[in-house]
Amino acid sequence: MSLITCVLEDGCNLQRIDDYYSRIFHEFKYKMKCGKKIQFSGKFVHVNTISDAGKPLKHPSDVKISYKLAMIIVSDFANDRIVFFNLFSFQYWFSMPLNRPSKMDLDDNDDLIIVSNSSQLFKIDLRNRKEIWKIERVGLSICGIAIEKHSNRIFLCDISFTNPCIQIREQDGTFLSNFELPSALLYHPFSIAFDPICNNAYISCYYQHVIIMRSMDKVHDVKEIIGGYGEDIESLRQPRGILLDGKQLIVCDSCNCCIKLFSLDGHIIKSFGSKGIGLDQFRYPAAVCLNELNGELLVVDNTNHRILVYR
């Protein structure tokens, strides 16, 4: 286990993380227990922009929220670091160096599992800022990661041309199997999200410009439910990150430079955004994350080098 150097903002006091821990965790548990997980409204009212963390963000790749540590976590890809912000004030707290960090997820303990350099996989203890384990080569081009909460297993999307697949791994990184797709269909999976109620997985397929739904139990129960190449409201161009939010699926339609909301059976609900630098515009959105405490949606606006926050 190796120690990861932490770079603090001037005046940053990590004790604040511990100060927030009890309050935010108990508030979150209460809201979840009472069924008060708040979904995104779909109104896209701009709340905040995160673009600076000691120095400007550069091609951020992903964003996640740790409720237990009251943090917003951003993989700042081209700056070779992971950056951490206050969940309430959006203030920059500190950063950790990591070569080309990209997609990530948090386990039940809020330890961070993150892809580095498209092929390495790390698990990091955020409380003590220590590396728990590292795998040097998990794939050729890992573009997506998600932890399936029922099994607590790690799903990795490898978009490589030679071996596109979805790996399943244990929490210690041990390889278990591939999450099979029909052999007659060559999909290039970029991102995956899970529906625990219907026991389905939703997968964005980058080069096929579609979202597919696959039963967790039946290998051949696969349907293309969203997309097909195009610029119209129901089509997609190189979809990236996806998020299951209640009865809607939120999709980063990367090359159409917009965020689209669909019903779980594939009907368009709303499309928001266009190509540009305005607060209602994007340049190749890469990922989305929901703050379940207040329903705010965080959008990784990759080539505008920022995270946009909407309610």
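Read in order, the letters of the sequence shown correspond to residues 15 to 325 in the numbering used here.
Each residue gets a CB set at the ideal place from its N, CA and C atoms; glycine is no exception.
On a predicted model such as this, the values are computed, not experimentally measured, just so you know.
Residue i, buried or exposed, once every other Cβ within 10 Å from all chains shown has been counted against 16
i, result
"Asp-267", "buried"
"Ile-247", "exposed"
"Glu-150", "exposed"
"Asp-259", "buried"
"Phe-98", "buried"
Other residues of its chain near residue i: CB distance less than 7 Å, five sequence neighbours each side excluded
i, result
"Cys-179", "Asp-172, Asn-192"
"Val-61", "Glu-310, Val-323, Tyr-324, Arg-325"
"Leu-154", "Ser-133, Asp-172, Ser-174, Thr-176, Asn-177"
Pairwise C-alpha distance: residue j and residue i
i, j, result
"Ile-138", "Leu-250", "34 Å"
"Pro-70", "Ile-256", "25 Å"
"Ser-65", "Leu-293", "12 Å"
"Asn-100", "Lys-274", "27 Å"
"Cys-303", "Ala-67", "19 Å"
"Leu-307", "Ile-52", "6 Å"
"Ala-160", "Asp-94", "21 Å"
"Asp-24", "Ser-174", "Per-residue confidence for Asp-24 stands at a pLDDT of 42, beneath the threshold of 50, marking its modelled position as unreliable; the derived number appears in the next sentence. Whole-angstrom Cα-Cα distance: 41 Å."
Same chain, Cβ closer than 8 Å to residue i, neighbours up to 5 away in sequence not counted
i, result
"Cys-269", "Arg-251, Gln-252, Tyr-298"
"Ser-277", "Lys-261, Gln-262, Leu-263, Ile-283"
"Cys-271", "Gly-287, Ser-288, Lys-289, Gly-290, Gln-295, Phe-296, Arg-297, Tyr-298, Pro-299"
Cβ shell of residue i (< 6 Å), same chain only, five flanking positions each side left out
i, result
"Tyr-34", "Any reading at Tyr-34 needs caution, since the residue's pLDDT is 49, under 50, leaving its predicted position unreliable; the model's value is listed next. Same-chain partners within the cutoff: Ala-84."
Of the residues the options, the one placed nearest residue i, counting alpha carbons only
i, options, result
"Leu-112", "Asp-124, Ser-89, Leu-195", "Ser-89"
"Asp-235", "Cys-212, Asp-124, Lys-50, Ser-109", "Cys-212"
"Leu-263", "Ile-291, Gly-244, Ser-288, Leu-311", "Leu-311"
"Lys-261", "Ala-207, Lys-117, Phe-189", "Ala-207"
"Asn-156", "Ile-182, Ile-168, Ser-165, Lys-117", "The sequence given here has Ile at residue 156, not Asn. For Ile-156, the nearest C-alpha among the options comes from Lys-117."
"Val-129", "Cys-271, Lys-232, Ser-75", "Ser-75"
"Ala-215", "Phe-286, Glu-162, Phe-175", "Glu-162"
"Gly-290", "Asn-318, Gly-280, Asp-186, Gly-242", "Asn-318"
"Asn-123", "Thr-188, Asn-166, Phe-108, Lys-237", "Asn-166"
"Met-227", "Ala-301, Ile-239, Val-313", "Ile-239"
Distance cut-off 6 Å: residue i Cβ against heavy atoms of the ligand GDP
i, result
"Val-236", "You won't find the ligand GDP in this model; it holds no ligand whatsoever."
> Which whole runs of the beta strand (DSSP E) in the segment 78-166 are 3 residues long or more, in chain order?
Replying inline: DSSP runs (the beta strand (DSSP E)) wholly in the segment 78-166: 85-90, 95-100, 106-111, 115-120, 126-130, 134-139, 144-149, 156-162.
> Which full runs of the alpha helix (DSSP H) of 4+ residues lie inside the segment 172-217, going along the chain?
Replying inline: With a minimum length of 4 residues, no continuous alpha helix (DSSP H) run stays inside the segment 172-217.
>> At 3 residues or longer, what runs of the beta strand (DSSP E) sit wholly inside the segment 219-264?
In response: Here the runs fully enclosed are 224-229, 236-241, 253-259.
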